[in-house]
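Undergrad: Take the sequence shown: its position 14, counted from the start at 1, is 101 in our numbering, and no numbers get skipped.
Built from N, CA and C at the ideal position, the CB exists for glycine as well.
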Amino acid sequence: MEKEQVSADGKFRWIDPHVHILPPRRMRGLVRWVKKFTPGYPVSEDITPEEILDGIRSGGVELFFNLVFPLWEEETYDLNRFNYELCSGIPEALAFGSLHIDTPDKESETLRCLDEYGFVGMKLHPFAQRFPAFDPVMDPLFSVLDRRGRPLLVHTGFDLFYGMDLEKDNLIRVLESYPRMPMVLVHSLFPQFALALQLLERYPQVWMDMTNSISVMRLYLEFKRSGQSLPPQASSLEVEEVERNQEHFWALFGEYPRRIIYGTDYPVGFGEYQKLRDDLDFFDFPDETKRMILFSNVMDFLHSVGVNPPLR
Ligand SMILES: [Zn+2]
88 MEKEQVSADG KFRWIDPHVH ILPPRRMRGL VRWVKKFTPG YPVSEDITPE
138 EILDGIRSGG VELFFNLVFP LWEEETYDLN RFNYELCSGI PEALAFGSLH
188 IDTPDKESET LRCLDEYGFV GMKLHPFAQR FPAFDPVMDP LFSVLDRRGR
238 PLLVHTGFDL FYGMDLEKDN LIRVLESYPR MPMVLVHSLF PQFALALQLL
288 ERYPQVWMDM TNSISVMRLY LEFKRSGQSL PPQASSLEVE EVERNQEHFW
338 ALFGEYPRRI IYGTDYPVGF GEYQKLRDDL DFFDFPDETK RMILFSNVMD
388 FLHSVGVNPP LR
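(1) Ligand 1 and residue 154: does any heavy atom of the ligand fall closer than 7 Å to the residue's C-beta?
(2) From the DSSP output, which residues share a beta bridge with residue 242?
(3) Alpha carbon to alpha carbon, how far is residue 213 from residue 133? Give it in angstroms, no decimals.
(4) What is the DSSP secondary structure of residue 348, counted as helix, strand or coil?
(5) Roughly how many whole angstroms lie between the Cα atoms of residue 330 and residue 368?
(6) So, helix, strand or coil for residue 295, using DSSP?
(7) Spatial neighbours of residue 310 within its chain, please: CB distance less than 6 Å, with the 5 preceding and 5 following residues excluded, ordered by chain position.
(8) For ligand 1, I want to know if residue 222 counts as a neighbour, meaning its beta carbon is within less than 7 Å of at least one of the ligand's heavy atoms.
(9) In the DSSP output, which residue or residues are listed as bridge partners for residue 353?
(10) Quick test of the definition: if touching needs 3 or more C-beta pairs under 8 Å, does the region 380-387 touch the region 344-357?
(11) With DSSP as the reference, please indicate the residues paired to residue 153 in a beta bridge.
(12) Given the structure, does residue 189 come close to ligand 1, in the sense that its CB is under 7 Å from one of the ligand's heavy atoms?
(13) Name the DSSP beta bridge partners of residue 101, please?
(14) Measuring CA to CA, which of 204, 390, 118 is closest to residue 353?
(15) Spatial neighbours of residue 287 within its chain, please: CB distance less than 8 Å, with the 5 preceding and 5 following residues excluded, ordered by chain position.
(16) DSSP state of residue 420, grouped into three classes?
(17) For residue 380 and residue 228, what's the separation of their Cα atoms in angstroms?
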């Protein structure tokens, strides 16, 4: 348990478990994609790793997970190599590797990520990568992580926005078959918080990352309180489903405050760090809950997978 709960400027310490510093071509593609549905998004297609790092540091983030994911098999090796080289030069970066469903030797590439590159774990983004992450063909990945007790981060949620569905049966299959592989459900299955609760209850290896979900829930609640109807672009936010799941959203924080973490998708999430802190503060969670979500839970998570983060 960390003794110091706040940083020098009086804010809660923060470890960001969800950042994307990518090679220039992929960064450009990602920012362009964001601008397609958020015109005027204030980030340049040509943003550099140094600029992203400046934003992270001035946001008071002490440590972050850098996440990559290949869109086609051919870039898998280069992308993992990129993340290794990038994070080797950034003391506060913890790298995660990734695979493609067509990666021929999934076990070797996973072992390379863990052993040669020293990555913490692996990340999959089935909706962006356009393949079923929990398909049995991915088992060699899970098997290595399970053997090593290393984590899988996986995108879940915003199904309507992506036009894809959660592979619930296969997710359960993987949770049952690989219980020693901690699994972080990125975006916490937004807005299926009832399911999130069930999974936390049934599977002790499951963690929830609230990246974007906090900001979207704030938007939703603000609109609701203002009595206005939601803007048309909110149609992909599954308003009725959010409504149905609202009490379960609160229950997550009440019942499992130690297994929730809060990432950002920086620099392509819901804004700069101060704004993202404000989004969390919008909810009147106890200070102790916020302190855990921002910092000590991520420390506990890292310790639980045998990683000692380079922190004071
Ligand atoms: Zn992301």
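TA: Concretely, from the data shown:
(1) Residue 154: yes, Cβ under 7 Å from ligand 1.
(2) In the DSSP assignment, the residues bridged to residue 242 are 273.
(3) Approximately 26 Å between the Cα atoms of the pair.
(4) In the structure shown, residue 348 sits in a strand (DSSP, three-state: E or B).
(5) For residue 330 and residue 368, the distance between alpha carbons rounds to 21 Å.
(6) In this structure, residue 295 counts as strand in the three-state DSSP scheme.
(7) For residue 310, where only same-chain residues beyond five positions count, the Cβ hits under 6 Å are 317.
(8) Every heavy atom of ligand 1 is 7 Å or more from the Cβ of residue 222, so no.
(9) DSSP lists 106 as partners of residue 353.
(10) Below 8 Å, enough C-beta pairs join the region 380-387 and the region 344-357 to call them touching: three or more.
(11) Note: residue 153 sits in a beta bridge opposite 106, 182.
(12) Result no, Cβ not under 7 Å from ligand 1.
(13) DSSP output for residue 101 lists 148 as bridge partner(s).
(14) Check the Cα spacing between residue 353 and each of 204, 390, 118: the tightest is with 118.
(15) Close CB contacts of residue 287 within its chain, under the 8 Å cut and outside five residues either way in sequence, are with 293, 295, 339, 342, 343, 346 (chain order).
(16) Residue 420 lies beyond the residue range present for the chain, which begins at 88 and ends at 399; the question has no answer from this structure.
(17) Rounded to whole angstroms, residue 380 to residue 228 spans 28 Å at the Cα level.
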